[in-house]
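Asker:
Residue numbers (our numbering): 2 to 321.
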C-alpha cells in the first residue's frame, strides 16, 4: 500500500483529499499542530495523525522520516490574504519557509531509501498578483501584491529548485475554489452564509469590501482531483488549475441571492471599507490548457452550480 503524508488535512481541500486518498486505498498520514489536535470527527476515518508544526521544520522532518511516505502533499499554510497583511512575518514562515523543510525532508528521505519520493505543493494564483497577462499561464511572471502571494511565490520557486536537483517536485497552481466546507473567513462563504442569514431573518445586511475584484472560481473537489493527477503524473511539472472563466465578486453576490430566490439584492448589501484589502489583484483567470491536454483534467461544475450548492447548504444550516 502506497503511503502519503498530507499537511492541512483539516482544511477544505485537506478534508476532500483525505476522503479521496482513503477511498483509493492509500495509507494516509496527516501532520497536525501539537496542542490543537482536532476531535476525531474532524479527521477523515482511517487517517493517522502525527503531531507537527509548520514553524518547527525538525518536527516535519521527524514525521517524514518515521512514515517514509511515497508522496508528500502540502496544503497547509496561512491561506487568508487579509490575514497575511496583519501577520506578514508569520505568513512568510508558515506559508513559505515551512515548504523548505518539507522539501529538504523529502530529498533526504529519497537519498536514504534510494527510491523516489514525490512532492506536490499547493501553489496559488495570488503569486501572479499584478500580472499583465490575461489569462495567466504557467509561464506568466510572478508579481505578487500581498504577503501571502509573496510567501507562495517563494515556496513555488523552491519546488522548481528541488525539481532541478532530481526530486519529483510539482506545483498545482490553484485558482480560487469553493465548496460548503470553505470557512466563513473567505468572502465566498461569507456571502452564501450571509444570504442564508438574511433569508432567515437573522441579519438585515451583508457587509462586503470590493465588489469589482474578478476571480476564476472552481469547485474544490475538482481541484483535489487535479492535485492527485499532478501527483501521479509521469513527469513532475507545474500546472495551473482553473476554470478559465472569470466572474466578479458582484457576480457571486448576485448568484447567491438568486439561488435563494432574491433577484433585487442591492438593498441587502453594504460596502464597508474595513473589508477592503490594502492592495488587491484586480483580475485572476487561469489558462488550464496544459492540465487539460496533459493530464485530462476538466472542471465538473459551473460557477452557478457552485454558488447554488453553497447557498443550499447554508440555508439548510440556518433552518436546522
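Ideal Cβ placement from N, Cα and C applies to all residues, glycine included. Computed from a predicted structure; not experimentally measured.
If I measure Cβ to Cβ from residue 203 and keep anything under 6 Å in the same chain, skipping five residues before and after, which residues do I get?
Answerer: none
Asker: Consult DSSP for residue 57 and reduce its assignment to one of helix, strand or coil.
Answerer: strand
Asker: Consult DSSP for residue 74 and reduce its assignment to one of helix, strand or coil.
Answerer: Secondary structure at residue 74: strand, using DSSP grouped into helix, strand and coil.
Asker: Kindly give me the distance between the Cβ atoms of residue 196 and residue 312, rounded to whole angstroms, as I take these residues to be in contact under 8 Å.
Answerer: Contact between residue 196 and residue 312 holds: their C-beta atoms lie close to 6 Å from each other, under 8 Å.
Asker: Taking buried to mean at least 16 other C-beta atoms within 10 Å of its own C-beta, is residue 140 buried or exposed?
Answerer: exposed
Asker: From residue 218 to residue 305, what does the alpha carbon distance come to, in whole angstroms?
Answerer: 10 Å
Asker: Return the Cβ separation of residue 243 and residue 176 in integer angstroms, given the expectation that the two are a contact with Cβ distance under 8 Å.
Answerer: 4 Å
Asker: Express the C-alpha separation of residue 52 and residue 38 in angstroms, rounding to a whole number.
Answerer: Summary for residue 38: the model assigns pLDDT 46, below 50, so the residue's position carries little reliability; its value from the coordinates is reported in the next sentence. Whole-angstrom Cα-Cα distance: 8 Å.
Asker: Quick one: what does DSSP say residue 39 is sitting in, helix, strand or coil?
Answerer: Here the model assigns residue 39 a pLDDT of 47, short of 50, so the residue's position is not dependable, and the following value carries that caveat. Note: residue 39 maps to coil in three-state DSSP.
Asker: Could you give the DSSP three-state label for residue 309: helix, strand or coil?
Answerer: Residue 309 falls in the helix class under three-state DSSP.
Asker: Just to confirm my understanding: we take residue 309, look at its own chain, exclude 5 residues before and 5 after, and list those with CB closer than 7 Å. What are they?
Answerer: 260
Asker: Quick check on the burial criterion: 16 or more other C-beta atoms within 10 angstroms. Buried or exposed for residue 262?
Answerer: exposed
Asker: Near residue 166, which residues of its chain fall below 8 Å by C-beta distance, leaving aside the five closest residues on each side in sequence?
Answerer: 108
Asker: Jot down the residue ranges of each uninterrupted alpha helix (DSSP H) in the region 164-245, minimum 4 residues, whole runs only, in chain order.
Answerer: 188-201, 221-232
Asker: Would you check if the distance between the CB atom of residue 150 and the CB atom of residue 124 is smaller than 8 Å?
Answerer: no
Asker: Could you spell out where the beta strand (DSSP E) holding residue 52 opens and where it closes?
Answerer: 49-52
Asker: Could you tell me if residue 172 is buried or exposed, where buried requires 16 or more neighbouring beta carbons within 10 angstroms of its beta carbon?
Answerer: buried
Asker: From what residue to what residue does the beta strand (DSSP E) around residue 32 run?
Answerer: 28-33
Asker: Mapping DSSP to helix, strand and coil, what is residue 10?
Answerer: coil
Asker: Give me the Cα-Cα distance between residue 41 and residue 133, rounded to the nearest whole angstrom.
Answerer: Here the model assigns residue 41 a pLDDT of 41, short of 50, so the residue's position is not dependable, and the following value carries that caveat. The straight-line gap from Cα to Cα measures roughly 46 Å.
Asker: How about residue 122 and residue 157: are their beta carbons less than 8 Å apart?
Answerer: The answer is yes: Cβ separation under 8 Å.
Asker: If we ignore side chains and look at the alpha-carbon of each, how far apart do residue 33 and residue 193 end up?
Answerer: 29 Å
Asker: Out of 251, 293, 127, which one is the CA nearest neighbour of residue 81?
Answerer: Nearest neighbour of residue 81 by Cα position, chosen from 251, 293, 127, turns out to be 127.
Asker: Answer with buried or exposed for residue 264, where buried requires no fewer than 16 other C-beta atoms within 10 angstroms of its C-beta.
Answerer: exposed
Asker: Just to check my reading of the structure: residue 35 and residue 11 have Cβ atoms closer than 8 Å, yes? What is that Cβ distance to the nearest angstrom?
Answerer: About 14 Å; that fails the 8 Å criterion.
Asker: Rounded to whole angstroms, what is the Cα-Cα separation between residue 147 and residue 130?
Answerer: 8 Å
Asker: So residue 105 and residue 8 are in contact, right, with Cβ under 8 Å, and what is the actual spacing, rounded?
Answerer: Going by Cβ atoms, the distance from residue 105 to residue 8 rounds to 14 Å, so no, they are not a contact pair.
Asker: Any heavy atom of the ligand FAD inside 7 Å of the beta-carbon of residue 245?
Answerer: By its list of ligands, the structure shown contains no ligand whatsoever, and the ligand FAD lies outside what it can speak to.
Asker: Compare the Cα-Cα distances from residue 200 to each of 75, 63, 49, 257 and report the closest residue.
Answerer: The residue with the shortest Cα to Cα distance from residue 200 is 257.
Asker: Out of curiosity, what's the CA-to-CA distance linking residue 17 and residue 222?
Answerer: 6 Å
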